[in-house]
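Under mature numbering (1 follows the signal peptide of the UniProt record, and there is no 0), read the sequence shown as residues -28 to -1, 1 to 366, first letter to last.
Virtual Cβ for every residue (Gly too), placed ideally from N, Cα, C.
Below: one structure, written as structure tokens.
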Amino acid sequence: MAPRRVALGRMFVVFVVVVVTLLALLSAADMGPMSEEELEEGDQWDRWAAESPVAGVSSQLGAGGRAYHHKVAARSGEMMMMEDAAPAAMRASSPAAMHSAPLSGSLGSDVLKNSVKPVNVAVDSPMLVRRGDMQLETTNDVSQVADQISDITTATNGGYVESRTSWNGSRNRHGSVSGQNVQMRLRVPVDSFFPVIKHIKVLVGDGGVRSSSDTVEDVTEQYIDVAARAASLKATHEQLLALMKKANSVHDVLGVQRELNSVNQQLESQERRMKHLESTSSFSTISINIVQETPPSSTGQRPRWKLFVPLLRVLQRVGRFYWKVIEVLLVTVLGLLPVVCLAWILPLCFPVTFQRGHLSRFCDMVFSMGGSGSGSGSNSGAPPSQRPPRSSSS
């Protein structure tokens, strides 16, 4: 009787858990997202609530308004109600998409429709980005030459060395260093671009300049375009701030705040682009690569190590020849090793067969079995002493 009661009790507990779970799922499904009709009714209810008491709103909107009012009242707070009442596109789209396609029913979107207007930006002089590249070669110490170029750069009004990379090279038996290399990146004002290049050429001499080039890029149109966009975004930002102060509902505040975030992000991006163009046009870039030149050897003096080159080549050829001979010997020994091992092991395994006299008879028997098959079958396998003599041809 007791086990039956325990089983019934467990079944009852499981039944209660299942019922509670189903009720929770039904309540969650009932709290799902609102339809478009309910959202429109909610907007009407919000406008009526600003003018009329809350108690009289349901009677003025009818059955649809009362249904929406009861459903929103079941939500957790007024903020969640306004967030769900916002259009789904406002929650899903990115800030850039919201700015390009303003949302309907939002105060911020209405401002964006009417406030973004083209702005004319004037530039006093063309904005040119000048870049130079120089390949230098010197017999002096490369590090000292790089230090002198750095002094020339810093002597200008605001010039500086943006980067510098050095390779020490290698030292030979005579104590001299060869293979040194220094790469530099200079930033100098636009007015000092050609004077700095002239001073560098004088420093290394005419024969020390392997190549020199400069390029110019006009970024005036880019700057005007970016500046116009930034000015338009600033005007929109000011209008949105003024509109934020006039917002009366949470729905309007959220809409304006989203548009403000989008405008701020785009405005910061345009301002960074403007600063980059201003920096590149006001300061030119010079890339320099300094290589140490190897001094030519004097006439009649030949390095000592070159005298041993023929001898070294002969020794290398002789060494390769003997190495081939050793390889052939090794292959031969390794090939004969199994045969030698077999000849050494078989007499130990079969001592009777390989005794003197038995070995010769064994070999004759093997050769007779593998012969051409001439003669009778009975005499072919007999020992040589029992075979009949062959008749001599007449």
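On the DSSP bridge list, what partners appear for N261?
Position 289 of the sequence shown, counting from 1, holds the residue named residue 261. Looking at the DSSP assignment, N261 forms a beta bridge with Q107, Q155.
Kindly indicate if chain C contains any beta-carbon less than 8 Å away from that of E250.
The structure shown contains no chain C, having only a single protein chain.
As a quick exercise: from I172, F165, D105, pick the residue whose alpha carbon is nearest that of D119.
One-based indexing of the sequence shown puts residue 119 at position 147. Checking every option, the nearest Cα to that of D119 belongs to I172.
Near R182, which residues of its chain fall below 6 Å by C-beta distance, leaving aside the five closest residues on each side in sequence?
Sequence index remark: in the sequence shown, residue 182 carries index 210 (1-based). So the qualifying residues of the chain are Q107, E109.
So, with DSSP's three-state summary, where would you put F119?
Your numbering for residue 119 matches position 147 in the sequence shown. Here residue 119 turns out to be Asp, not Phe, going by the sequence shown. If DSSP states are grouped into helix, strand and coil, D119 belongs with the helices.
Please name the residue, chosen from G177, V191, Q155, N129, that lies closest to V162 on a Cα-to-Cα basis.
Start at 1 with the first residue of the sequence shown, and residue 162 comes out as number 190. Closest option to V162, Cα to Cα, is N129.
Would you mind working out which of Q116, D190, S135, G179 sits nearest S254, comparing C-alpha positions?
By one-based count along the sequence shown, residue 254 stands at place 282. Taking only the C-alpha atoms, the option nearest S254 is D190.
L314: buried (16+ other C-beta within 10 angstroms of its C-beta) or exposed?
As a working mapping, residue 314 is identified with position 342 in the sequence shown. L314 is exposed by the Cβ-count criterion.
How would you call Q116, buried or exposed, if buried means at least 16 neighbouring beta carbons within 10 angstroms?
Within the sequence shown, numbered from 1, the residue matching residue 116 stands at position 144. Under this definition Q116 is an exposed residue.
Assigned secondary structure, residue 377 (DSSP; H/G/I helix, E/B strand, else coil):
Any property of residue 377 remains undetermined from this structure, which presents the chain solely from -28 to 366.
Quick one: give me the first and last residue of the alpha helix (DSSP H) that V188 is part of.
Mapped onto the sequence shown, residue 188 falls at position 216. Where V188 is concerned, there is no enclosing alpha helix (DSSP H), although the beta strand (DSSP E) it sits in stretches over 181 to 190.
Contact under 8 Å by Cβ, D186 with R102
Position 214 of the sequence shown holds residue 186. Position 130 of the sequence shown holds residue 102. In contact: D186 and R102 (Cβ atoms closer than 8 Å).
How far does the alpha helix (DSSP H) with V312 in it reach, from first residue to last?
Within the sequence shown, the letter at position 340 stands for residue 312. 281 to 321 is the span of the alpha helix (DSSP H), which, as asked, contains V312.
Confirm, please, whether the CB-CB distance from M156 to V133 is below 8 Å.
Here the question's residue 133 lines up with position 161 in the sequence shown. Here the question's residue 156 lines up with position 184 in the sequence shown. Yes, the Cβ-Cβ distance between V133 and M156 is below 8 Å.
Run of the alpha helix (DSSP H) containing V168, from where it starts to where it stops:
Counting from one through the sequence shown, the residue named residue 168 turns up at place 196. First-last of the alpha helix (DSSP H) with V168: 165 to 176.
Using the beta-carbon count (16 or more within 10 Å), is S97 buried or exposed?
Within the sequence shown, the letter at position 125 stands for residue 97. Burial call: exposed.
Counted within 10 angstroms of its Cβ, other Cβ atoms place Y294 as buried (16 or more) or exposed
Walking along the sequence shown from the start, residue 294 turns up at place 322. By the neighbour-count rule (16 or more Cβ atoms within 10 Å), Y294 is not buried but exposed.
Could you tell me if V29 is buried or exposed, where buried requires 16 or more neighbouring beta carbons within 10 angstroms of its beta carbon?
On the sequence shown, position 57 is the one that residue 29 refers to. With a pLDDT of 36 at V29, under the threshold of 50, the modelled position of this residue cannot be trusted; read the value that follows with caution. It is buried - the Cβ of V29 has at least 16 other Cβ atoms within 10 Å.
Alpha carbon to alpha carbon, what distance is there between V228 and F165?
By one-based count along the sequence shown, residue 165 stands at place 193. By one-based count along the sequence shown, residue 228 stands at place 256. Rounded to whole angstroms, F165 to V228 spans 49 Å at the Cα level.
Residues in the same chain with beta-carbon distance under 8 Å from F(-14), minus the five sequence neighbours each way, listed in chain order, please.
As a working note, residue -14 is residue 15 in the sequence shown. Cβ within range, chain order: n/a, list empty.
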